[in-house]
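Residue numbers (our numbering): -12 to 229. Ideal Cβ positions, reconstructed from N, Cα and C, are used throughout, including at glycine. Step one of this worksheet: look at the structure below.
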């Protein structure tokens, strides 16, 4: 079993995020970036992910206790709630400050998703489907961040990979909510299975999985013209806020 601190921050998720970022960088420029730049650019999202999971355990301690999740360090008493939230804030702070030295696009991305991940743990997860979308967006954004860290606009391959991961992430979250009904009820969280039932929720998840899989056919379809029109309008809209 991993040490308590690594279990608190779910270190494996930070590693997966790092791999996705490197993949996004390679897809954006067609080659492996400088090793020093790779290490420097993944520090902010690596720490932001650690902070997100520490904060999630802080706000989720009652639910985890109801489900008898003794593998969680706060439930088992290996760390206090105060330590978890202080460590989360420290990770967020270092992530945001360090992202400023990557570039402005990386900084904006880290700030936005720090707010998203914290607000999800604090309140949004209790708002039906929106909570699942928040989690899925955090799973998908590393590819976009990979492009932004290089100060380039994401190419078609990165956009499609992000959309696929977003759809599959939402499907995954729907499946997980069918498993956590008892704990979610105890915590006052209203999820999709409580509204339409577990069976229908699994059907919705299955449909989303199939849509995600269908999108993997993108490289074999002639959608480049549509993508470049979409990219033009996205860049124009994005420039309005910078």
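C-alpha gap between residue i and residue j, whole angstroms
i           : j           : result
residue 229 : residue 135 : With a pLDDT of only 49 at residue 229, under 50, the local geometry of the prediction cannot be trusted, and the value read off the model is given with reservation. Cα to Cα, the separation comes out at about 14 Å.
residue 52  : residue 43  : 13 Å
residue 6   : residue 107 : 24 Å
residue 154 : residue 99  : 20 Å
residue 199 : residue 162 : 15 Å
residue 143 : residue 75  : 34 Å
residue 69  : residue 47  : 13 Å
residue -6  : residue 148 : 28 Å
residue 180 : residue 159 : 13 Å
residue 169 : residue 184 : 13 Å
residue 28  : residue 40  : 20 Å
Three-state class that DSSP yields for residue i in the structure shown
i           : result
residue 86  : helix
residue -4  : coil
residue 137 : coil
residue 156 : helix
residue 184 : coil
residue 43  : helix
residue 163 : helix
residue 195 : helix
residue 229 : At residue 229, the pLDDT of 49 sits below 50, so the modelled position is not reliable; the number obtained from the coordinates is stated separately. Of the three classes helix, strand and coil, the one that applies to residue 229 here is coil, per DSSP.
residue 1   : helix
residue 28  : helix
residue 6   : helix
Bounding residues of the alpha helix (DSSP H) (the contiguous stretch that carries residue i)
i          : result
residue 94 : 91 to 109
residue 19 : Residue 19 -> no alpha helix (DSSP H), and no H or E assigned at all.
residue 63 : 60 to 63
residue 50 : 48 to 53
Would you check if there are 3 or more beta carbon pairs closer than 8 Å linking the segment 3 to 16 to the segment 89 to 101?
no
Tell me whether the segment -3 to 4 and the segment 23 to 39 touch, counting them as touching only if at least three CB pairs, one residue from each stretch, are closer than 8 Å.
yes
Between the segment 92 to 105 and the segment 115 to 126, are three or more C-beta pairs nearer than 8 Å?
yes
Any chance the segment 183 to 190 sits against the segment 138 to 158, with 3 or more Cβ pairs inside 8 Å?
no
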